[in-house]
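Numbering (the numbering used here), first residue to last: 132 to 341.
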């Protein structure tokens with residue numbers, strides 16, 4: 132979803148009506164500018180409408196109302212759909228994750244497997260030296276890889292790409308940054324340009340797709 136393309140006040144009002152009272156309090160009570168409030172509204176709406184649409188498609192077209200969905204947080208604060216509130220239906224256990232910048236909102240949905248998604252502004256400038264930041268947050272393998280890139284702009288872009296993939300992986304685990312520090316695993320780029328996980332924490336790395 133592209134926030135800049137959503138300009139209709141009537142549409143935004145309709146989106147507001149899809150949210151729970153708690154979500155409305157959370158969004159409109161934010162100490163932020165109107166753009167951030169709008170993006171938060173769109174993000175919550177995207178989650179509700181996307182999950183409801185997938186549930187509808189997976190249940191013989193029995194229409195699922197986005198307003199009927201209930202949410203909870205796991206032990207680490209990751210939002211999840213609370214399927215236990217409705218024991219009368221046999222819905223597949225969809226999992227979701229969401230991320231947004233000022234210009235883009237993205238939502239990923241899977242069935243019975245974890246999902247993580249992260250979006251970053253690829254034009255974002257870094258305040259500090261790339262390698263210095265990498266040594267602080269990344270694994271030794273990743274630092275070595277970034278150090279091998281001579282072009283500074285290419286190095287910056289690769290740093291942001293790795294950050295995005297690592298953030299998505301941590302979000303998929305659902306444990307948060309403090310429980311899954313970036314320097315405890317590596318995202319390795321192959322010669323063909325694809326990325327894979329190299330974990331020292333006993334993760335079954337072949338099951339993760341980037």
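Built from N, CA and C at the ideal position, the CB exists for glycine as well. Please read these numbers as outputs of a predicted model, since none were measured by experiment.
Contact check for residue 246 against residue 276 fails: the beta carbons are separated by 8 Å or more. Proximity to residue 196 across 149, 165, 175 and 189 peaks at 149, based on C-alpha coordinates. Look at the region 138-202 and you find these whole runs of alpha helix (DSSP H), each 4 residues long or longer: 140-148, 152-159 and 165-188. Short of 8 Å from the beta carbon of residue 240, and not among the five residues preceding or following it, lie these beta carbons of its own chain, in chain order: 181, 182, 185, 225, 226, 227 and 246. Between residue 329 and the set 297, 238, 286 and 158, the nearest pair of CA atoms involves 297.
Our two residues, residue 231 and residue 279, have alpha carbons roughly 31 Å apart in a direct line. Looking at the DSSP output, residue 319 shares a beta bridge with 327. Pairing residue 203 with residue 211 gives a Cβ-Cβ distance under 8 Å. In terms of Cβ geometry, residue 155 and residue 147 form a close pair [threshold 8 Å]. Ranking 207, 189 and 237 by CA distance to the CA of residue 175 puts 237 first.
Within the region 247-291, complete alpha helix (DSSP H) segments of at least 4 residues are found at 261-268 and 271-278, given in chain order.
Under the DSSP assignment, residue 239 falls in the beta strand (DSSP E) whose first and last residues are 236-242.
For residue 228, the enclosing beta strand (DSSP E) has its first and last residue at 225-231. By the neighbour-count criterion, in which 16 or more other beta carbons inside 10 Å mark a residue as buried, residue 305 falls on the buried side. The C-alpha of residue 338 lies about 43 Å from the C-alpha of residue 140.
DSSP places residue 211 inside the beta strand (DSSP E), whose first and last residues are 210-212.
The beta carbon of residue 321 is closer than 8 Å to those of 327 in its chain, skipping five residues each way along the sequence. Judged by beta-carbon spacing, residue 341 lies beyond the 8 Å limit of residue 269, meaning their Cβ atoms are not closer than that value.
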